[in-house]
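Comments concern the structure below.
Protein chains: 2
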Amino acid sequence: MFETLKASPLFKGLETEDINSLINNSSHQIKQFSNKEVLAYAGEKVEKAMILLEGKLQGEMIDFAGNSLKIEEMEPPQMVAAAFLYGPQSVFPVNLSAISEGKMLIIFKNDFTQLLSADQRVLSNYLNIISGKAQFLSRKITFLSFKTIKEKIAYYLLQNFKTGNQVVIINQSQKGLAEMLGVARPSLARTISEMESDRLIKWERNQVEILDLKSLQGILGR
Amino acid sequence: MFETLKASPLFKGLETEDINSLINNSSHQIKQFSNKEVLAYAGEKVEKAMILLEGKLQGEMIDFAGNSLKIEEMEPPQMVAAAFLYGPQSVFPVNLSAISEGKMLIIFKNDFTQLLSADQRVLSNYLNIISGKAQFLSRKITFLSFKTIKEKIAYYLLQNFKTGNQVVIINQSQKGLAEMLGVARPSLARTISEMESDRLIKWERNQVEILDLKSLQGILGR
Chain A
12 MFETLKASPL
22 FKGLETEDIN
32 SLINNSSHQI
42 KQFSNKEVLA
52 YAGEKVEKAM
62 ILLEGKLQGE
72 MIDFAGNSLK
82 IEEMEPPQMV
92 AAAFLYGPQS
102 VFPVNLSAIS
112 EGKMLIIFKN
122 DFTQLLSADQ
132 RVLSNYLNII
142 SGKAQFLSRK
152 ITFLSFKTIK
162 EKIAYYLLQN
172 FKTGNQVVII
182 NQSQKGLAEM
192 LGVARPSLAR
202 TISEMESDRL
212 IKWERNQVEI
222 LDLKSLQGIL
232 GR
Chain B
12 MFETLKASPL
22 FKGLETEDIN
32 SLINNSSHQI
42 KQFSNKEVLA
52 YAGEKVEKAM
62 ILLEGKLQGE
72 MIDFAGNSLK
82 IEEMEPPQMV
92 AAAFLYGPQS
102 VFPVNLSAIS
112 EGKMLIIFKN
122 DFTQLLSADQ
132 RVLSNYLNII
142 SGKAQFLSRK
152 ITFLSFKTIK
162 EKIAYYLLQN
172 FKTGNQVVII
182 NQSQKGLAEM
192 LGVARPSLAR
202 TISEMESDRL
212 IKWERNQVEI
222 LDLKSLQGIL
232 GR
């Protein structure tokens, strides 16, 4: 278990022994789950920190017609519902169900708060996780206000563009970028190709050269 | 200053003396600002915790045509950019400028992390603030997926509706609700009136009686 935890964002930078002693000093449980088990329903109170150790979970929404819609897939050693443990609306935003058998580490909220106080590295890591979630959502909302994929890409590039440097560095995968912009990955790739054919940009791995700044700005000049 | 801080969400539940000793044990500054001063630009690294003590600030976006767009107004004793101090994108999401003269308390990030470790109440308060921000943004994204205000209201009510109880309790102001749904307050009020005329609901202060559940579900049955 501790090797898995060592790889988790929550325990980044800690040695196995440190994690071992932190966990063993706080009351915790290992919860086994079976495939298709529903672990929580949307709206239920989140009362414990959960770290996935084995198996896969998914967050799913049931719409009012009864259809299930997959929102997110979770893999070890990810924290589950990390940004919903504290706060005024600390309830599961979606149903949580297993898509394989597996197990997770559970620490109740009070014990988890004490664990955060006990080690500043774990505290910083947890603050990074939930702030990162808020930042991701904040950017996602900005991108939702643009209608076309071309506008979203232009906005993203101009936001990260620094005068005097033709090249914008992309610090995330194309999968992550597609998710943030709220578009499907093939559509993103297709639009990037179009913008390359139009000689607006040249996209190579994580570097994007701005070939025609004026036209790029023109896309947003509504 | 300590009386103002006592009213702030970060120091909720603490006595003035406790706040006094916590602040005096961590290195801090008081920053005075003048009206129209720009305190930070979008994209600049957030390196310190800021609590507004006097005066008003606003977050504003400058679009690519150079127009300024007000996003948010901040008042004492609010924390400024609380969810952007940690995390992988810990930069100001918008420009921060003063709309009156005033002052704020500044604590650098490392000292702030130590302060959080030093008092579990402050830690819980801060976790509540940033988790609340993530939760607000997460719900806002859900509502952005609905086109009409009627759909947004129906979804909100059905989400909070519990079988066997005709009345849904609204745990936020109409201003907060309008902001979360992403609609103007007068439009929200108008649509609520329409839904009352149609005898779908009866909205009284923070209690909404569901008169016609089937029709309410029908609004979303697309």
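So the protein lines, in turn, are chains A and B.
When we follow this note's numbering, the leftmost residue of the first sequence carries the number 12, and every step to the right adds one.
When we follow this note's numbering, the leftmost residue of the second sequence carries the number 12, and every step to the right adds one.
Backbone N, C-alpha and C fix where the C-beta goes; we use that ideal spot for every residue, glycine too.
(request) Excluding the 5 residues preceding and the 5 following A/Val-57 in the sequence, name in chain order all residues of the same chain whose CB lies nearer than 7 Å to its CB. (result) Ala-92, Phe-95, Leu-96, Ser-101, Val-102 and Phe-103
(request) Could you check the C-alpha separation between A/Ala-200 and A/Ile-110 for me, to the nearest Å? (result) 29 Å
(request) Determine the contact status of B/Lys-161 and B/Thr-202, defining contact as a CB-CB distance below 9 Å. (result) yes
(request) Mind listing, in chain order, the continuous alpha helix (DSSP H) runs of no fewer than 4 residues lying wholly within the stretch 118 to 151 of chain A? (result) 120 to 129
(message) What are the residues in the stretch 72 to 104 of chain B lying within 8 Å of chain A by C-beta distance?
(response) Asp-74, Phe-75, Ala-76, Ala-94, Phe-95, Leu-96, Tyr-97, Gly-98, Pro-99, Gln-100, Ser-101 and Pro-104
(request) Decide if the stretch 215 to 224 of chain A is in contact with the stretch 60 to 72 of chain B; the criterion is three or more beta carbon pairs, one per stretch, under 8 Å apart. (result) no
(request) In the DSSP assignment, find the unbroken alpha helix (DSSP H) run with A/Ser-32 in it and report its ends. (result) 27 to 35
(message) Just to confirm the assignment, what range does the alpha helix (DSSP H) spanning B/Ser-226 have?
(response) 224 to 231
(message) Three Cβ pairs or more, each shorter than 8 Å: is that satisfied between the stretch 127 to 144 of chain A and the stretch 15 to 24 of chain A?
(response) yes
(message) Could you check if B/Asn-182 belongs to the surroundings of the ligand NAD, using beta carbon to heavy atom distance under 8 Å?
(response) Ligands are entirely absent from the displayed structure, and the ligand NAD is therefore not among its contents.
(message) Which residue wins for smallest C-alpha separation from A/Ile-82, given the options A/Arg-150, A/Arg-216, A/Glu-207 and A/Gly-193?
(response) A/Gly-193
(message) Would A/Met-115 and A/Leu-63 be called neighbours here (beta carbons separated by less than 9 Å)?
(response) yes
(message) Let's see if you can read the secondary structure: which residues bound the beta strand (DSSP E) around B/Asn-217?
(response) Premise fails: B/Asn-217 is in no beta strand (DSSP E) and is neither H nor E.
(message) Is there a Cβ of chain B sitting closer than 9 Å to that of A/Thr-124, yes or no?
(response) yes
(message) Quick check on A/Ser-156: buried or exposed, where buried means 16 or more other Cβ atoms within 10 Å of its Cβ?
(response) exposed
(request) State the start and end residues of the unbroken alpha helix (DSSP H) segment that holds B/Leu-80. (result) Element bounds for B/Leu-80: not the alpha helix (DSSP H) but the beta strand (DSSP E), 79 to 85.
(message) Do B/Leu-168 and B/Val-179 have their beta-carbon atoms positioned less than 9 Å apart in this structure?
(response) yes
(request) Report the partner residues of A/Gln-40 according to the DSSP bridge assignment. (result) A/Ile-117
(message) Taking the alpha-carbon of A/Ile-300 as reference, which of A/Leu-50, A/Lys-59, A/Gly-98 and A/Gln-131 has the nearest alpha-carbon?
(response) Summary: the structure shown does not reach residue 300 of chain A, with chain A confined to residues 12 through 233, and so no result is reported for it.
(request) Could you name the residues of chain A that B/Ile-152 contacts, counting a contact when the two beta carbons are closer than 8 Å? (result) Leu-148, Lys-151, Ile-152 and Leu-155
(request) Kindly list, in the order they appear in chain A, the residues whose Cβ is closer than 8 Å to that of B/Gln-131. (result) Thr-124, Gln-125 and Ser-128
(request) Measure the alpha-carbon distance for A/Ile-181 versus B/Ile-141 and round it to whole angstroms. (result) 26 Å
(request) Quick one: residues in its chain with C-beta nearer than 6 Å to the C-beta of A/Ala-165, no 5 flanking neighbours on either side, listed in chain order? (result) Leu-227, Ile-230 and Leu-231
(message) Which same chain residues end up closer than 8 Å to A/Arg-210 when comparing Cβ atoms and leaving out the 5 residues on each side of it in sequence?
(response) Leu-222 and Asp-223
(message) Can you tell me where the alpha helix (DSSP H) holding A/Leu-50 begins and where it ends?
(response) Note, A/Leu-50: premise wrong, no alpha helix (DSSP H); beta strand (DSSP E) at 49 to 51.
(message) To the nearest angstrom, how far is the alpha carbon of A/Ile-41 from that of B/Asn-46?
(response) 56 Å
(request) Indicate the three-state DSSP secondary structure (helix, strand or coil) for A/Gly-187 in the structure shown. (result) helix
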